[in-house]
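A.B. asks: For reference, the structure I am asking about is given below.
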Amino acid sequence: MIDNFTASVCVIATTVHMAAHLLLPGVVAWACFRTRWRLAWLIMLATLAVDIDHLLADPIFDPERCSIGFHPLHSYPAIALYVLALSLKPLRIVAAGLLIHMVIDSSDCLRMLF
Ligand SMILES: [Zn+2]
1221 MIDNFTASVC
1231 VIATTVHMAA
1241 HLLLPGVVAW
1251 ACFRTRWRLA
1261 WLIMLATLAV
1271 DIDHLLADPI
1281 FDPERCSIGF
1291 HPLHSYPAIA
1301 LYVLALSLKP
1311 LRIVAAGLLI
1321 HMVIDSSDCL
1331 RMLF
């Protein structure tokens, strides 16, 4: 049983996390892909589908679980592939979206440490 304060912190952290997943790709798309930022943002939002690997976990969603290194598409080898894909121009926007996703998920892991 968690107390009200802890529950409130979880709700706020989850809300900030979800907002970051929506807004940060938009900022990066605007900054790095200026001429086609709307399409770049849309493509990066589509990379949210990487969370499909949560379906393999039980429970599917756990606000107190660090995704990085736990889920297959959030594993360190997968992240290394996303970094490599960043160097391939046709995959650059997708790779950027995936890496932004991993950074945001990593921030949750750091929050859990402190
Ligand atoms: Zn994720």
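Count the sequence shown with our numbering and you get residues 1221 to 1334, in order.
We put the beta carbon where it would ideally sit given N, CA and C, even for glycine.
#1: Can you give me the C-alpha to C-alpha distance between T1226 and I1324, rounded to a whole angstrom?
#2: Here's the rule: buried if 16 or more other CB atoms are within 10 angstroms of the residue's CB, otherwise exposed. What is Y1296?
#3: Could you give the residue range of the alpha helix (DSSP H) that holds T1226?
#4: Let me know the secondary structure DSSP gives S1307 once reduced to three states.
#5: Determine whether the beta carbon atoms of M1264 and I1232 lie at a separation below 8 Å.
C.D. replies: Considering the structure as presented:
#1: Sequence index remark: in the sequence shown, residue 1226 carries index 6 (1-based). Sequence index remark: in the sequence shown, residue 1324 carries index 104 (1-based). One C-alpha to the other measures close to 21 Å.
#2: Within the sequence shown, the letter at position 76 stands for residue 1296. Result: exposed.
#3: Within the sequence shown, residue 1226 is the residue found at index 6, counting from 1. T1226 -> alpha helix (DSSP H) spans 1224 to 1252.
#4: Along the sequence shown, read from residue 1 onward, the residue named residue 1307 stands at position 87. Looking at S1307 - three-state DSSP - the assignment turns out to be coil, as it is neither helix nor strand.
#5: Here the question's residue 1264 lines up with position 44 in the sequence shown. Here the question's residue 1232 lines up with position 12 in the sequence shown. No, Cβ-Cβ distance for M1264 and I1232 is not below 8 Å.
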